[in-house]
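Quick note: the sequence shown uses my numbering, first residue 31, plus one each step. The C-beta atom is built at its ideal place from N, Cα and C for all residues, glycine as well.
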Amino acid sequence: MAEPAADPGRTQPLRALHGAGHDRGAGACWSADQPGDRRRGAAARARPAGAHGVSLDRFPPDFLWGTATAAHQVEGGNHANDWWDWEQQPGRIKNGDTSDPACDHYRRFTQDFDLLKSLHQNAHRLSVEWSRIEPKPGVFSTEALGHYRQVLSALRERQLEPMVTLFHYTLPRWVSAQGGWLNPETAGRFATFSERVLAELGDLCTVWVTLNEPTGVAYQGYVLGEWPPGHRDPRESATVLINLIRAHWAAYERIKERHPTAQVGIAHHLRVFDPLRRWSPLDRAVSGIYDRLFNRTILSSLRRGRLAFPLSRLAKAQGPQVSQDFIGLNYYTRNLVRFNRRLPREIFGERLVPAGAQTSDLGLEVYPQGLYLWLRALAREGHPIYITENGVADRDDRLRPSFLVDHLRATLRAMNQGTVVRGYFHWTCFDNFEWTEGYAARFGLMSCDPRTQARSLRPSGRLYAEICRSGVLPASVAPPAEPPAPDQAPAPAQLR
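Here is the structure:
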């Protein structure tokens with residue numbers, strides 16, 4: 031249990047690790063009740079409002095509007111990876127849920143893409159399942175590759191631009207048995223897998239994400255022990271992070287050698303870490319450490335072509351001078367950080383949310399200003415940006431309409447100040463299997479009942495469809511209604 035906040039009237043303990051631009055543009059009012067480094071390159075330089083075809087109140091006509099999914103969370107039937115084995119262990123997943131059938135998307139993808147197209151989306155982010163494609167070492171399934179070829183062709187037929195993720199948390203059982211990301215050989219195996227996928231599917235997709243949230247993999251699986259393989263050793267987490275960076279470097283070089291026009295990057299989970307008490311040097315120090323470890327280490331390593339501190343203290347690895355063509359940003363929340371000497375495992379940092387703040391069903395603060403701040407910071411990296419995930423767990427769809435508009439307004443504000451943002455992928459289109467939360471956390475613009483597979487569009491889905499169609503944000507959104515009285519206190523959650 032977290033200690034009482036320094037000022038109970040201002041803060042409350044954080045129950046999760048996952049979070050304002052409120053200037054209003056032109057448009058109609060909408061109600062849910064209705065049906066840090068050196069600048070590099072010209073792309074990073076500030077431009078006046080209206081640059082890149084952006085106006086003060088609308089997105090450019092070539093902006094990508096979509097939703098994001100992950101194979102294991104929506105497909106169903108993925109029984110040959112480490113996460114499926116994890117789900118079979120009692121107590122690992124809320125309510126004993128498993129990822130089969132999830133959304134049965136493996137069989138229903140054409141109907142699902144018809145739904146997305148009808149909602150005026152023009153892009154879709156998805157992942158391919160490594161354990162389906164390479165069920166045994168060096169053995170590639172023509173059936174699985176053929177299936178994903180059908181999936182990407184179906185997107186193309188509907189004028190939905192695909193963005194494909196090669197690793198979204200799951201490892202084939204045989205890779206896990208050989209040590210997973212603790213084994214340095216996994217980096218080369220991942221590069222070989224990536225090369226084969228591009229050889230088979232590269233003509234159907236231009237934009238590729240090698241890794242989704244590598245810091246989340248290292249932290250959840252090797253510090254907290256809440257994801258596979260369930261270890262609790264910070265030294266192992268550093269090794270995992272090093273091998274993930276090596277995997278990206280190796281995959282990037284293999285892909286670019288054979289597909290030089292492919293656009294390749296990482297989807298980074300980034301959040302704002304602010305000191306709870308700005309006057310406290312300890313709070314400032316701990317929040318700075320969190321920012322460096324969770325946010326900056328991989329970004330710095332990719333920029334420099336070598337491992338950044340503190341990983342550089344553990345290994346001397348080098349990669350290509352250029353190893354990303356874009357930056358993928360997964361943004362959810364902010365954490366206020368307070369020094370707590372009783373939490374050495376948490377780097378002596380206690381993460382909090384402000385009392386009275388809007389919070390999701392998982393206890394995460396809704397903080398659109400953080401998205402704006404990160405977009406402006408990433409502009410200095412000199413690469414275009416895709417918002418590869420942004421969403422909120424909101425079973426009753428109270429927060430999601432205003433969440434959408436406020437975060438998109440923060441995006442437009444950054445674009446009007448010169449930040450090059452090419453697309454926005456909302457997490458997610460359908461309620462799905464949310465890892466250790468099972469089916470309890472509802473992120474979808476549409477509900478999906480895993481028992482009946484019935485899909486139902488939420489009011490926020492209608493709102494997003496209108497934004498996708500027009501590129502214009504409503505001037506305001508009706509404030510969320512008061513939440514219903516909870517049956518119990520929210521359970522602890524974690525990085526998505």
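N- and C-terminal bounds of the beta strand (DSSP E) containing residue i
i: PRO431; result: Counting along the chain, PRO431 falls outside any beta strand (DSSP E), though it belongs to the alpha helix (DSSP H) covering 430-446.
i: GLU380; result: 379-384
i: ARG301; result: 293-305
i: SER183; result: Careful: SER183 lies outside any beta strand (DSSP E), inside the alpha helix (DSSP H) at 172-187.
i: PHE369; result: 357-369
i: HIS456; result: 451-456
i: CYS478; result: 476-478
i: TRP95; result: 94-98
i: VAL194; result: 191-197
i: ARG485; result: 485-487
Whole-angstrom distance between residue j and residue i, CA atom to CA atom
i: VAL302; j: VAL169; result: 42 Å
i: VAL205; j: ALA347; result: 22 Å
i: THR449; j: TRP114; result: 40 Å
i: ARG371; j: PRO311; result: 14 Å
i: MET193; j: TYR416; result: 10 Å
i: ARG186; j: LEU234; result: 8 Å
i: PRO65; j: CYS478; result: Residue placement at PRO65 cannot be trusted, given a pLDDT of 32 that sits under 50; the coordinates are not used to answer.
i: VAL181; j: GLY400; result: 34 Å
i: ARG334; j: GLY349; result: 9 Å
i: ASP92; j: THR236; result: 16 Å
i: ALA100; j: ALA345; result: 31 Å
i: ASP424; j: ARG288; result: 43 Å
i: MET445; j: TRP457; result: 21 Å
i: ALA508; j: ARG375; result: 42 Å
i: LEU156; j: GLY421; result: 16 Å
i: ALA36; j: PRO167; result: Note that ALA36 has pLDDT 31, beneath the 50 cutoff, so the model's placement of it is unreliable and the number below is only indicative. Taking the straight line from one Cα to the other gives about 53 Å.
i: HIS135; j: ARG308; result: 47 Å
i: ILE377; j: THR172; result: 46 Å
i: GLN250; j: ARG137; result: 30 Å
i: SER342; j: ARG336; result: 8 Å
i: LEU94; j: GLY232; result: 20 Å
i: ARG381; j: PRO264; result: 18 Å
i: ARG505; j: PRO414; result: First, the residue type needs correcting, since residue 505 is Ala and not Arg in the sequence shown. Cα to Cα, the separation comes out at about 27 Å.
i: GLY501; j: SER432; result: 16 Å
Sub-8 Å separation of residue i and residue j beta-carbons
i: THR245; j: LEU212; result: no
i: ASP127; j: GLY393; result: no
i: LEU359; j: LEU408; result: yes
i: LEU306; j: ASP313; result: yes
i: SER490; j: LEU405; result: no
i: ILE163; j: PHE220; result: no
i: ARG179; j: GLU230; result: yes
i: ALA132; j: PHE463; result: yes
i: GLU419; j: ALA98; result: yes
i: ALA174; j: PHE143; result: no
i: ARG488; j: LEU475; result: yes
i: ILE123; j: THR482; result: no
First through last residue of the alpha helix (DSSP H) which encompasses residue i
i: ILE415; result: ILE415 -> not in any alpha helix (DSSP H); beta strand (DSSP E) instead, spanning 415-419.
i: THR245; result: 244-249
i: SER342; result: SER342 -> no alpha helix (DSSP H), and no H or E assigned at all.
i: ARG155; result: It is not in any alpha helix (DSSP H) - ARG155 instead sits in the beta strand (DSSP E) that spans 153-157.
i: PRO311; result: 311-320
i: TYR136; result: 135-148
i: ASN273; result: 264-288
i: ALA409; result: 398-409
i: ALA207; result: 203-207
i: ILE163; result: 160-163
i: TRP113; result: 112-117
i: PRO225; result: With the sequence shown as reference, residue 225 is identified as Glu, and Pro is not the correct amino acid for it. Unbroken alpha helix (DSSP H) run through GLU225: 215-231.
i: GLN103; result: 101-104
Supposed close pair residue i, residue j - CB separation, criterion 8 Å
i: ALA217; j: ALA268; result: The Cβ separation is near 15 Å, so there is no contact.
i: LEU190; j: HIS154; result: 5 Å
i: PHE339; j: VAL104; result: So it is not a contact: roughly 38 Å between Cβ atoms.
i: GLU19; j: LEU329; result: In the structure as shown, the chain begins at 31 and stops at 526. Residue 19 is therefore absent and cannot be evaluated.
i: HIS102; j: TYR252; result: About 19 Å separates the two Cβ atoms, so there is no contact after all.
i: GLU225; j: ARG284; result: 4 Å
i: ASP304; j: VAL367; result: 7 Å
i: TRP160; j: PRO202; result: 5 Å
i: VAL247; j: VAL158; result: Not quite, the Cβ-Cβ distance comes to about 17 Å (not below 8 Å), so this is no contact.
Check: residue i C-beta below 7 Å from any heavy atom of the ligand GTP
i: LEU394; result: Of the ligands one can find in the structure shown there are none, so the ligand GTP has no counterpart to examine.
Note to self: With a threshold of 8 Å, are at least 3 pairs of Cβ atoms found where one atom belongs to the stretch 489-498 and the other to the stretch 139-153?
What the structure shows: Judged by pairs of C-beta atoms under 8 Å, the stretch 489-498 touches the stretch 139-153, as three or more such pairs exist.
**Prompt:** Contact between the stretch 435-447 and the stretch 103-117: three or more CB pairs below 8 Å?
**Reply:** By the C-beta criterion, the stretch 435-447 is judged not to be in contact with the stretch 103-117, since fewer than 3 inter-stretch pairs fall below 8 Å.
- Task: Decide yes or no for the touch test of the stretch 317-325 against the stretch 255-267: beta carbon pairs closer than 8 Å, at least 3 of them.
- Result: The answer is no - the stretch 255-267 does not touch the stretch 317-325, with fewer than three Cβ pairs under 8 Å.
Would you check if there are 3 or more beta carbon pairs closer than 8 Å linking the stretch 443-456 to the stretch 135-148? The answer is no - the stretch 135-148 does not touch the stretch 443-456, with fewer than three Cβ pairs under 8 Å.
Note to self: For the structure I just gave you, are there three or more beta carbon pairs, one from the stretch 382-389 and one from the stretch 350-362, closer than 8 Å?
What the structure shows: Contact between the stretch 382-389 and the stretch 350-362 is absent, because fewer than three Cβ pairs lie under 8 Å.
*Do the stretch 236-244 and the stretch 282-294 make contact, defined as three or more Cβ pairs closer than 8 Å?*
At 8 Å Cβ cutoff, the stretches touch.
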